[in-house]
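I have placed the structure first, in the form of structure tokens, so that the comments after it can refer back to it.
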Amino acid sequence: MDGDLTQSRPDQFSGDARTAAMARLPDPSSLGVSFTLQGPVLVQIVDILNISASRSALLDSLQEKDDNDRVRKIIRTVDDSDLNGTNESSATNGTNGSNGSNGSNGANGASGGVIKKGTHSITVQDAKGTLMRAIEVSDLSWLSMDTPLGSKVIVKDCPANHGVLMLKPQHCRFLGGNLNIDNRKVFVNRLKDQLDQIKRLNS
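Counting in our numbering, the sequence shown runs without a single skipped number right up to 247 at its last residue.
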């Protein structure tokens with residue numbers, strides 16, 4: 045499921061994903077107030093925003109996670125250079141503190157990661173390149189701002205309002221995949237630009 049959906053062929057997929065890859069999203073500008081996307085349609089996620097948090101809070105969260113990742117990388121480098129290798133297991137498994145990449149008490153906890161809870165707005169794209177916006181109406185366990193851009197989703201029997209899909213778990217199936225894009229770098233740059241624009245408008 046990796047790679048750009050718009051550069052893929054239906055025969056590269058199997059099962060119902062192949063059929064869904066041949067279907068298309070409607071043109072949002074041609075839709076009425078409400079409709080149902082019957083599908084199934086295979087789409088990829090090209091943008092994600094947690095609309096329950098402010099842009100400044102999201103930016104702080106993303107930058108904090110970058111800082112924590114850099115700290116853990118330095119710690120792992122130091123541990124790997126230990127000739128006795130006594131710290132290697134703690135750096136890998138994180139069972140004794142904050143040095144590990146998987147430790148329950150490490151810097152990868154909720155306080156140091158991207159804000160995950162809340163309602164997300166995403167932009168999805170079909171194989172032809174048509175874009176539609178979608179809102180997480182009910183919690184989607186796989187969706188956060190850490191979800192890789194380029195992730196593939198099959199959408200079926202999904203209601204929409206004013207051209208926006210109203211996503212619930214029963215309307216979509218997450219398949220995975222990515223575009224080999226650094227989410228955080230994309231989101232940090234975008235949020236900085238948006239906050240700069242707001243600042244200029246208010247000045």
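In this text, a Cβ means the ideal position worked out from N, Cα and C, and glycines have one as well. Because the structure is a prediction, the values reported are computed rather than measured.
query, result
"Whole-number beta carbon distance between Ala101 and Gly162, since they are thought to touch under 8 Å", "That belief does not hold up - the Cβ atoms of Gly162 and Ala101 are roughly 10 Å apart, past 8 Å."
"Whether Ala171 touches Leu49 by CB criterion (8 Å)", "yes"
"Any beta strand (DSSP E) of 3 or more consecutive residues that is wholly inside the region 46-100", "78-81 and 85-94"
"Touch test, the region 174-192 against the region 211-227, Cβ-Cβ under 8 Å, three pairs minimum", "yes"
"Which residues DSSP lists as bridging Met189, in chain order", "DSSP, once it has assigned bridges, lists no residue as partnering Met189."
"Any non-hydrogen atom of the ligand FAD within 7 Å of Thr174 CB", "Questions concerning the ligand FAD fall outside what the structure shown contains, since it holds no ligand whatsoever."
"Alpha carbon of Val199 to alpha carbon of Val85, nearest angstrom", "5 Å"
"C-alpha gap between Gln107 and Arg62, whole angstroms", "38 Å"
"Cβ neighbour criterion (16 or more within 10 Å) applied to Ser195", "buried"
"Length of the line joining the Cα atoms of Met45 and Gly221", "4 Å"
"Cβ pair Met189, Phe218 closer than 8 Å", "no"
"Through-space distance from Lys243 to Val90, alpha-carbon basis", "26 Å"
"Range covered by the beta strand (DSSP E) that runs through Ile166", "His164 to Gln169"
"Own chain, CB closer than 6 Å to Ala64, minus 5 neighbours either side, in chain order", "Pro84, Val85, Leu86 and Ile198"
"CB-CB length for His164 against Leu187, believed under 8 Å", "5 Å"
"Inter-residue spacing [alpha-carbon to alpha-carbon] between Cys202 and Ser58", "22 Å"
"Helix, strand or coil at Lys200 according to DSSP, with G and I counted as helix", "coil"
"For Met176, the nearest candidate out of Phe79, Pro70 and Met66 (CA to CA)", "Pro70"
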